[in-house]
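K.L.:
Residues 59 to 375 in the numbering used here are what the sequence shown lists, from first letter to last.
If you scroll down you'll find the structure; I have some questions about it.
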Amino acid sequence: MSEKWLIGVDLGGTTIKMAFVSIYGEIIDKWEIDTNRTEQGKHIVTDIAKAIDRKLEEHGQTKDKVLGIGMGAPGPVNGETGLVYEAVNVGWKNYPLKNLLEIETSLPVVVDNDANMAAIGEMWKGAGDGAKNLICVTLGTGVGGGIIANGQIVHGTNGAGGEIGHMTSIPEGGAPCNCGKTGCLETIASATGIVRIAKERLRDKDAKSMLSGSVTAKDVFDAAKANDPLALEIVDFVTFHLGVALANAANVVNPEKIVIGGGVSKAGSLLTDHVKKYFQRFAFPRVAEGASIVIATLGNDAGVIGGAWLAKQAFLQ
Ligand SMILES: [Zn+2]
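Laid out in structure tokens, this is it:
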């Protein structure tokens with residue numbers, strides 16, 4: 059039994075990340091294929107099944123080697139039935155992903171939301187370090203969120219539990235969010251949000267800054283490290299709202315770890331030091347005492363490792 063492999067699959071809008079993972083969470087092999095978004099994403103499941111067959115053959119293995127597949131999809135998911143309610147990026151609506159992937163691969167499949175899978179991955183093998191109560195937030199193009207309470211993913215009624223990115227930061231007059239609301243945390247703390255804020259502030263003729271019109275989120279943090287006054291102001295604004303949102307979320311679940319991942323987290327201690335300051339201010343004192351804020355360590359592997367963990371939980375006898 060210890061010889062068996064797990065397969066983690068992490069579906070994104072441009073690439074599908076896949077890995078063979080041991081039951082101890084070690085990556086045996088990992089690879090990527092392009093996401094075929096044509097015809098409402100109807101080719102994706104077949105592409106995944108073919109890629110798995112090809113890779114098993116490369117390793118001289120058959121499906122007998124595989125215990126099961128854990129797959130993450132970019133949208134709300136029913137964790138039990140494996141129905142993807144909606145994944146706008148790939149064109150799916152009420153898509154029975156688990157059933158279809160089981161038919162195509164003849165392997166057992168468990169499906170979850172991609173941000174939840176990243177949170178599970180960090181819990182198992184990353185910065186979460188086995189913490190059973192954990193909040194994971196991914197600051198990328200958007201803001202993904204996953205909450206683990208008592209070792210279980212918080213799915214909620216509609217599969218939309220843990221959507222930290224859509225907590226309201228600016229109740230009135232905030233920027234429009236992809237979800238249809240305005241003023242969500244995602245409009246501020248995502249890479250996209252940081253760039254929008256920087257461009258707005260740069261329009262002020264009196265703004266003194268080394269930043270220019272073609273600014274990126276990384277530029278903002280780099281300039282802040284060089285003590286650029288406008289960049290420091292933006293970092294303070296972004297981390298204030300992130301600190302408030304994480305404190306509010308933490309007050310609900312009392313986590314041991316708060317893991318910050320995604321491209322923006324590469325800013326490292328400049329980000330976490332500011333977030334910690336505001337987190338301490340807005341978290342309930344006992345909650346603040348119990349929680350440590352850390353940067354994710356698994357990078358792009360968090361999703362496939364989380365998927366492997368889900369498959370292990372579901373299918374290892
Ligand atoms: Zn939103």
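By construction, the Cβ of each residue, glycine as well, lies at the ideal position given by its N, Cα and C atoms.
Confirm the yes/no value for this check: CB of H299, any heavy atom of ligand 1, distance under 7 Å.
P.N.:
Distance from the C-beta of H299 to the nearest heavy atom of ligand 1 is not below 7 Å.
K.L.:
What does the alpha-carbon distance come out to for the pair I205 and D105?
P.N.:
About 30 Å.
K.L.:
Note down the Cα distance separating A303 from K108, rounded to an integer number of angstroms.
P.N.:
42 Å
K.L.:
With a threshold of 7 Å, establish whether the CB of E144 neighbours any heavy atom of ligand 1.
P.N.:
no
K.L.:
Strictly closer than 5 Å from CB to any heavy atom of ligand 1: give me those residues in the order they appear in the chain.
P.N.:
H224, C235, C237, K239 and C242
K.L.:
Smallest Cα separation from I86: which of V322, G137, F373 and I65?
P.N.:
It is I65.
K.L.:
Quick one, are the C-beta atoms of T196 and A218 less than 8 Å apart?
P.N.:
In this structure, the beta-carbon distance from T196 to A218 does not fall below 8 Å.
K.L.:
If I follow the unbroken alpha helix (DSSP H) through F298, where does it start and stop?
P.N.:
P287 to V311
K.L.:
Exposed or buried, which one is E230 when buried takes at least 16 other CB atoms within 10 Å?
P.N.:
exposed
K.L.:
In whole angstroms, what is the alpha-carbon distance linking K183 and G238?
P.N.:
35 Å
K.L.:
Spell out the partners DSSP gives C194 in its beta bridges.
P.N.:
G204 and V317
K.L.:
Give me the residue from I178, K123 and T120 with the minimum Cα distance to G220.
P.N.:
I178
K.L.:
Are any of the Cβ atoms in chain C nearer than 8 Å to that of I86?
P.N.:
In summary, chain C is missing from the structure at hand, where a single protein chain is found.
K.L.:
Taking the beta carbon of T73 as the centre, do at least 16 other beta carbons fall within 10 Å, making it buried, or is it exposed?
P.N.:
So T73 counts as exposed.
K.L.:
Considering only their Cβ atoms, is the gap separating K315 from A185 smaller than 8 Å?
P.N.:
yes
K.L.:
Work out the CA separation of S164 and K123 for me, nearest whole Å.
P.N.:
13 Å
K.L.:
Out of curiosity, what's the CA-to-CA distance linking W367 and P132?
P.N.:
18 Å
K.L.:
Given a cut-off of 8 Å, decide if I353 and G326 are closer than it, judged by their beta-carbon atoms.
P.N.:
Using a Cβ distance threshold of 8 Å, G326 and I353 count as a contacting pair.
K.L.:
Among I255, T139 and R95, which residue has its Cα nearest to the Cα of I288?
P.N.:
Correcting the residue type first, residue 288 is Leu in the shown sequence and not Ile. If we check each option's Cα against that of L288, I255 comes out closest.
K.L.:
Please name the residue in P154, E115 and A284 whose C-alpha comes closest to that of L141.
P.N.:
P154
K.L.:
Have a look at A173, L125, N312 and A207 and flag the residue whose alpha-carbon is nearest the alpha-carbon of E347.
P.N.:
N312
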